[in-house]
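Enquirer: Have a look at this one before I ask anything.
There are 2 protein chains.
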Amino acid sequence: MIEGHVFIATSQDGFIARKDGSLGWLTEVSVAGEDHGYDAFIDTVDGIVMGRGTFDVVTAFDPWPYSKPVIVMSRTLRQADLSDDLKDRVEITDETPQSVMARLARRGWTKAYIDGGRAIQSFLAAGLITEMSLFRMPVLIGEGRPLFGPLEKDLRLDLVEVTSFPSGIVKTRYRPR
Amino acid sequence: MIEGHVFIATSQDGFIARKDGSLGWLTEVSVAGEDHGYDAFIDTVDGIVMGRGTFDVVTAFDPWPYSKPVIVMSRTLRQADLSDDLKDRVEITDETPQSVMARLARRGWTKAYIDGGRAIQSFLAAGLITEMSLFRMPVLIGEGRPLFGPLEKDLRLDLVEVTSFPSGIVKTRYRPR
Numbered sequence: 006m007i008e009g010h011v012f013i014a015t016s017q018d019g020f021i022a023r024k025d026g027s028l029g030w031l032t033e034v035s036v037a038g039e040d041h042g043y044d045a046f047i048d049t050v051d052g053i054v055m056g057r058g059t060f061d062v063v064t065a066f067d068p069w070p071y072s073k074p075v076i077v078m079s080r081t082l083r084q085a086d087l088s089d090d091l092k093d094r095v096e097i098t099d100e101t102p103q104s105v106m107a108r109l110a111r112r113g114w115t116k117a118y119i120d121g122g123r124a125i126q127s128f129l130a131a132g133l134i135t136e137m138s139l140f141r142m143p144v145l146i147g148e149g150r151p152l153f154g155p156l157e158k159d160l161r162l163d164l165v166e167v168t169s170f171p172s173g174i175v176k177t178r179y180r181p182r
Numbered sequence: 006m007i008e009g010h011v012f013i014a015t016s017q018d019g020f021i022a023r024k025d026g027s028l029g030w031l032t033e034v035s036v037a038g039e040d041h042g043y044d045a046f047i048d049t050v051d052g053i054v055m056g057r058g059t060f061d062v063v064t065a066f067d068p069w070p071y072s073k074p075v076i077v078m079s080r081t082l083r084q085a086d087l088s089d090d091l092k093d094r095v096e097i098t099d100e101t102p103q104s105v106m107a108r109l110a111r112r113g114w115t116k117a118y119i120d121g122g123r124a125i126q127s128f129l130a131a132g133l134i135t136e137m138s139l140f141r142m143p144v145l146i147g148e149g150r151p152l153f154g155p156l157e158k159d160l161r162l163d164l165v166e167v168t169s170f171p172s173g174i175v176k177t178r179y180r181p182r
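So the protein sequences, as listed, match chains E and R.
Going by the working numbering, the letters in the first sequence line up with residues 6 to 182, in that order.
Going by the working numbering, the letters in the second sequence line up with residues 6 to 182, in that order.
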């Protein structure tokens, strides 16, 4: 059995990045030293699954921010396109969310970190998300890449936890029904 | 001095109504008897300012839900279009947010309830919102009428309060900087 977990920050108006992918508004709102539990969360996952859009944003980070294996869901990117330093750390796949989760479960994964708007939307639609930790930043940015997207039907969530931080960030933890 | 206050519920994905204006998903999530403070809030305002879209939704309610004066911002609707029972309760205006708030202040109002997505967006952009009480419902509805919209620049918010309810609704109260 493998669980999909989300751990993501959004603006108050629901965006995870500006339209060009930039995240500077996130760090402007953050308060140095405030622990939102990211490292503790990462310690509990076997690896990260993300879409191409998120991969393009994080490849610009130096150093590479992940110590765990990363799976990138893309129909166009190929393993050979990866830079040498990423070839052992990143695996490209064009599988469906169901297929990739089944394969990762066979590999022994019990908890996958699902990251990025498109990946989160498709995994939610497929019923593959067990829990979401959402961090609402105290800022409106007006437009950008939305966390959530169209759904075939309403999706009810059970609230597990609410926490607020001195920075004004509000963390909510939900389990989709 | 007059303050603009927002008191509104949104889905987890940021919608205040479905595309057709329907609100049934709100009542499906609510728990009977849970007090979110609406009556106490209404007691503190001098009246309600809303856009045409919200007015069209609330005119379908029977009985008319407001005991306080209602101002409707519209460039096309006219006072003569109102039904007889609303003529004394509703005032149509095509003023700007600044003009209407200045006029209401001269009339003695100190606190206006700004309601509806378009009105909230234009009053926020004009710097006329003092405080927002946002109720995040534990449901994703996929698409609808968004609470927030494009902005000329980022708008920072100060978090004043967080409260959660047994239904899973999370109330956050913010003051725009």
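Ideal Cβ positions, reconstructed from N, Cα and C, are used throughout, including at glycine.
1) Under 8 Å, with one C-beta from each stretch per pair, do the segment 96-113 of chain R and the segment 152-161 of chain E reach the 3-pair mark?
2) Count the other CB atoms within 10 Å of the CB of E:Thr115; is the residue buried (16 or more) or exposed (fewer)?
3) Could you round the C-beta distance between E:Thr15 and E:Leu152 to whole angstroms and report it? I think they count as a contact, below 8 Å.
4) Can you list, in chain order, the residues of its chain whose CB lies under 7 Å from that of R:Leu17, leaving out five sequence neighbours each side?
5) Please list the terminal residues of the continuous beta strand (DSSP E) segment that includes R:Tyr43.
6) Check whether the Cβ atoms of R:Ala117 and R:Val62 sit closer than 8 Å, and answer yes or no.
7) Just grab the DSSP bridge partners of R:Leu162 for me.
8) Among the candidates R:Asp48, R:Asp89, R:Leu133 and R:Gly58, whose CA atom is the shortest distance from the CA of R:Leu182?
9) Under 9 Å Cβ-Cβ, which residues of chain R neighbour E:Val144?
10) Using a Cβ-Cβ cut-off of less than 7 Å, list which residues of the segment 22-36 of chain R approach chain E; keep chain order.
11) Taking Cβ positions only, does R:Thr177 come closer than 8 Å to chain E?
12) Sorted by chain position, which residues of the same chain lie with C-beta nearer than 6 Å to E:Val175's C-beta, five sequence neighbours on each side aside?
13) How do the segment 29-42 of chain E and the segment 69-77 of chain E stand: do at least 3 beta-carbon pairs fall below 8 Å, yes or no?
14) Pick helix, strand or coil for E:Gly52, following the three-state DSSP scheme.
15) Can you tell me whether E:Gly58 is helix, strand or coil according to DSSP?
16) Please name the residues in the segment 80-101 of chain E whose beta-carbon is closer than 8 Å to at least one beta-carbon of chain R, in chain order.
17) Closest to R:Ala131 by C-alpha separation, out of R:Phe46, R:Gly29, R:Leu139 and R:Leu156, would be which residue?
18) With H, G and I counted as helix, E and B as strand and the rest as coil, what does DSSP make of R:Leu82?
19) Under the three-state reduction of DSSP, which class applies to R:Ile125: helix, strand or coil?
20) Against R:Ser169, what residues of chain E qualify as contacts under a CB-to-CB distance less than 7 Å, listed in chain order?
21) Determine, using beta carbons only, whether E:Leu156 comes closer than 8 Å to chain R.
22) E:Gln103 CB to nearest chain R CB: under 8 Å?
23) Indicate, with yes or no, if the ligand ADP has a heavy atom lying under 7 Å from the CB of E:Pro143.
24) Which of helix, strand or coil does DSSP assign to E:Ser16?
25) Considering only the alpha carbon of each residue, which of R:Pro171, R:Thr177 and R:Arg180 lies closest to R:Val34?
26) Using a 10 Å radius around the Cβ and a threshold of 16 neighbouring Cβ atoms, would you call E:Ser138 buried or exposed?
27) Would you give the residue range spanned by the beta strand (DSSP E) that E:Glu39 belongs to?
28) Less than 8 Å between CB atoms is the rule here; does E:Asp18 satisfy it with respect to chain R?
29) What three-state label does DSSP hand R:Arg141 in the structure shown?
30) Using the beta-carbon count (16 or more within 10 Å), is E:Val165 buried or exposed?
31) Consider the Cβ of R:Glu148: report whether some Cβ of chain E lies at a distance smaller than 8 Å.
32) Quick check: what's the CA-CA separation for E:Tyr179 versus E:Glu136?
33) Between E:Leu153 and chain R, is there a C-beta pair that is closer than 8 Å?
Expert: With the given structure in hand:
1) no
2) exposed
3) 5 Å
4) What sits at residue 17 of chain R in the sequence shown is Gln, not Leu. Closer than 7 Å at Cβ, skipping near neighbours: Arg141, Met142, Pro143, Val144 and Leu145.
5) Taken as a continuous stretch (DSSP letters only), R:Tyr43 belongs to no beta strand (DSSP E), being part of the alpha helix (DSSP H) at Tyr43 to Thr49.
6) no
7) R:Pro181
8) Inspection of the sequence shows that residue 182 of chain R is occupied by Arg rather than by Leu. Here the closest residue by C-alpha is R:Leu133.
9) Asp159, Leu160, Arg161 and Leu162
10) Trp30
11) yes
12) Arg141 and Ser169
13) no
14) strand
15) helix
16) none
17) R:Leu156
18) coil
19) helix
20) Leu164 and Val167
21) yes
22) no
23) By its list of ligands, the structure shown contains no ligand whatsoever, and the ligand ADP lies outside what it can speak to.
24) coil
25) R:Pro171
26) buried
27) No beta strand (DSSP E) holds E:Glu39; DSSP gives it neither H nor E.
28) yes
29) strand
30) exposed
31) yes
32) 6 Å
33) Correcting the residue type first, residue 153 of chain E is Phe in the shown sequence and not Leu. E:Phe153 counts as touching chain R.
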